[in-house]
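Notes follow the structure.
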Amino acid sequence: RFVYDGDPPRRELLELNKDIAYCGKFQLRDEELIVNRKTRGLKNVVLWLEPMSADDPLPVHSSYNKSADAKIQFDNAECRFEPHICVLRTTQTLVIGNKDKINHNVAAFFFKNDPFNENAPIGGTVEKQLPKSERLPAKVTCPIHAWMQGYIILKDHPYVAVTDDNGEFELKNLPVGEWTLRVWHEKPGYIKEVTLKTGPQKWELGRASITIQPGDNTWGDVKLAPEIFEK
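In my numbering, the protein residues as written are 8 to 238.
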């Protein structure tokens, strides 16, 4: 579980520049830093397993076979992106939807895949194939509505997790052995300094060395100082 080690910050109301009569009723707040006010759990920390090398792909557990070609929904809903962070495998299909009663555009910028800027028709969907794994999360915006922002995490394996409202995450059926997890959050980027139950640790460029044993594995609480979100 990822924990914000300080007083939870208040999320500010967003300043709207378009379709204010429609979007204003949703009381939209900044999603860059979301901390549970009761538990201090930190939402939207992203973790992914790294392969040893580009020529040595990760072994994928058979439990992920059924979802390998799934369609993954990424919606414009209540004038924001849902989910805020979308996890996608290169073999899956991104389905862009629009549940609002106004027009949206969805623009995404990649390093390896072709960027796109698609009209999202009211009540309709657009499907995209993104066949190349991306090293970094890809930012997604709506050029019509300047406040709308999200991310796509695109990997060629299923070992990706995003922390929930309580800062918790689960990576199922990880391969046993010594591995590296990359840990990222949209505000500071790579998470480089944490405090575990064993004490403070530095993770170079967000790289956390882990040993996966058979059965359940846990980190316990991973505490993040407020200062790293101010840099």
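Glycine included, each C-beta is placed from N, C-alpha and C at the ideal position.
Computed from a predicted model, the values in this text were never measured in an experiment.
Hey, would you say A114 sits closer than 9 angstroms to K25, going by beta carbons?
-> For the purposes of this step, residue 114 is taken as residue 107 along the sequence shown, with counting starting at 1. For the purposes of this step, residue 25 is taken as residue 18 along the sequence shown, with counting starting at 1. No. Outside cutoff.
Leaving out the 5 sequence neighbours to the left and right, which residues in its chain are closer than 6 angstroms to R257 when beta-carbon positions are compared?
-> As shown, the chain starts at 8 and ends at 238. That puts residue 257 outside it, with no answer to give.
Helix, strand or coil: how does DSSP classify F33 here?
-> The sequence position of residue 33 within the sequence shown is 26, counting from 1. F33 falls in the helix class under three-state DSSP.
Near P128, which residues of its chain fall below 7 angstroms by C-beta distance, leaving aside the five closest residues on each side in sequence?
-> Here residue 128 refers to the residue found at position 121 when the sequence shown is read from its first residue. So the list reads N105, once near-sequence residues are dropped.
Pull up the distance between the alpha-carbon of N72 and that of L23, whole angstroms please.
-> Working through the sequence shown from its first residue, we reach residue 72 at position 65. Working through the sequence shown from its first residue, we reach residue 23 at position 16. Whole-angstrom Cα-Cα distance: 42 angstroms.
Three-state secondary structure (DSSP) of E134 = Taking the first residue of the sequence shown as position 1, residue 134 is located at position 127. E134: strand per DSSP, three-state reduction.
Run through DSSP, which three-state label would P244 get?
-> In the structure as shown, the chain begins at 8 and stops at 238. Residue 244 is therefore absent and cannot be evaluated.
Considering N112, what are the terminal residues of the beta strand (DSSP E) in which it resides?
-> By 1-based counting over the sequence shown, the position of residue 112 is 105. Counting along the chain, the beta strand (DSSP E) containing N112 begins and ends at 111-115.
Nonlocal neighbours in the same chain, by C-beta distance under 6 angstroms from E175, ignoring five residues either side | In the sequence shown, residue 175 corresponds to position 168, counting from 1. Excluding sequence neighbours, E175 sits near R8.
Taking all protein chains shown into account, decide if P64 is buried (16 or more other Cβ within 10 angstroms of its Cβ) or exposed.
-> Looking up residue 64 in the sequence shown gives position 57. When all chains shown are included, P64 counts as exposed.
Spatial neighbours of V201 in its chain, beta-carbon cut-off 7 angstroms, leaving aside the 5 residues before and after = The residue labelled residue 201 in the question sits at position 194 within the sequence shown. Closer than 7 angstroms at Cβ, skipping near neighbours: Q208, W210, V229, K230, L231.
Nonlocal neighbours in the same chain, by C-beta distance under 7 angstroms from G130, ignoring five residues either side = Along the sequence shown, read from residue 1 onward, the residue named residue 130 stands at position 123. Correct list, in chain order: N105.
Is K139 buried or exposed, if buried means 16 or more other CB atoms sit within 10 Å of its CB?
-> As a working note, residue 139 is residue 132 in the sequence shown. Counting Cβ neighbours within 10 Å, K139 comes out exposed, since fewer than 16 surround it.
Sort K194, I41, V67 by Cα distance to E19 and report the nearest one.
-> Along the sequence shown, one-based indexing puts residue 19 at 12. The shortest C-alpha separation from E19 is found at I41.
Taking Cβ positions, are K135 and I92 nearer each other than 9 angstroms?
-> By one-based count along the sequence shown, residue 135 stands at place 128. By one-based count along the sequence shown, residue 92 stands at place 85. Not in contact: K135 and I92 (Cβ atoms no closer than 9 angstroms).
DSSP state of F118, grouped into three classes?
-> Translated into positions along the sequence shown, residue 118 becomes position 111. Three-state result, F118: coil.
What do you get for R142, buried or exposed, if any count of 16 or more other CB atoms within 10 angstroms of its CB means buried?
-> Position 135 of the sequence shown, counted from the start, is the residue given in the question as residue 142. Classification of R142: exposed, given that the 10 Å Cβ count is below 16.
Skipping 5 residues on each side, what residues in its chain have a beta carbon closer than 6 angstroms to that of P182?
-> For the purposes of this step, residue 182 is identified with residue 175 of the sequence shown, where counting begins at 1. Closer than 6 angstroms at Cβ, skipping near neighbours: P66.
Sort T98, H192, E85 by Cα distance to K78 and report the nearest one.
-> In the sequence shown, the residue the question calls residue 78 occupies position 71. Of the listed residues, the one whose Cα sits closest to K78 is T98.
Residues near L21 in its chain [Cβ-Cβ closer than 8 angstroms; skip 5 each side] | Here residue 21 refers to the residue found at position 14 when the sequence shown is read from its first residue. L35, R36, D37, W154, listed in sequence order.
State the DSSP-derived secondary structure class of F176, mapped to helix, strand or coil.
-> Locating residue 176 in the sequence shown gives position 169, where the first residue counts as 1. If DSSP states are grouped into helix, strand and coil, F176 belongs with coil.
Could you round the C-beta distance between G13 and P233 to whole angstroms and report it? I think they count as a contact, below 8 angstroms.
-> The count along the sequence shown starts at 1 and reaches residue 13 at position 6. The count along the sequence shown starts at 1 and reaches residue 233 at position 226. About 4 angstroms separates the two Cβ atoms, so the contact holds.
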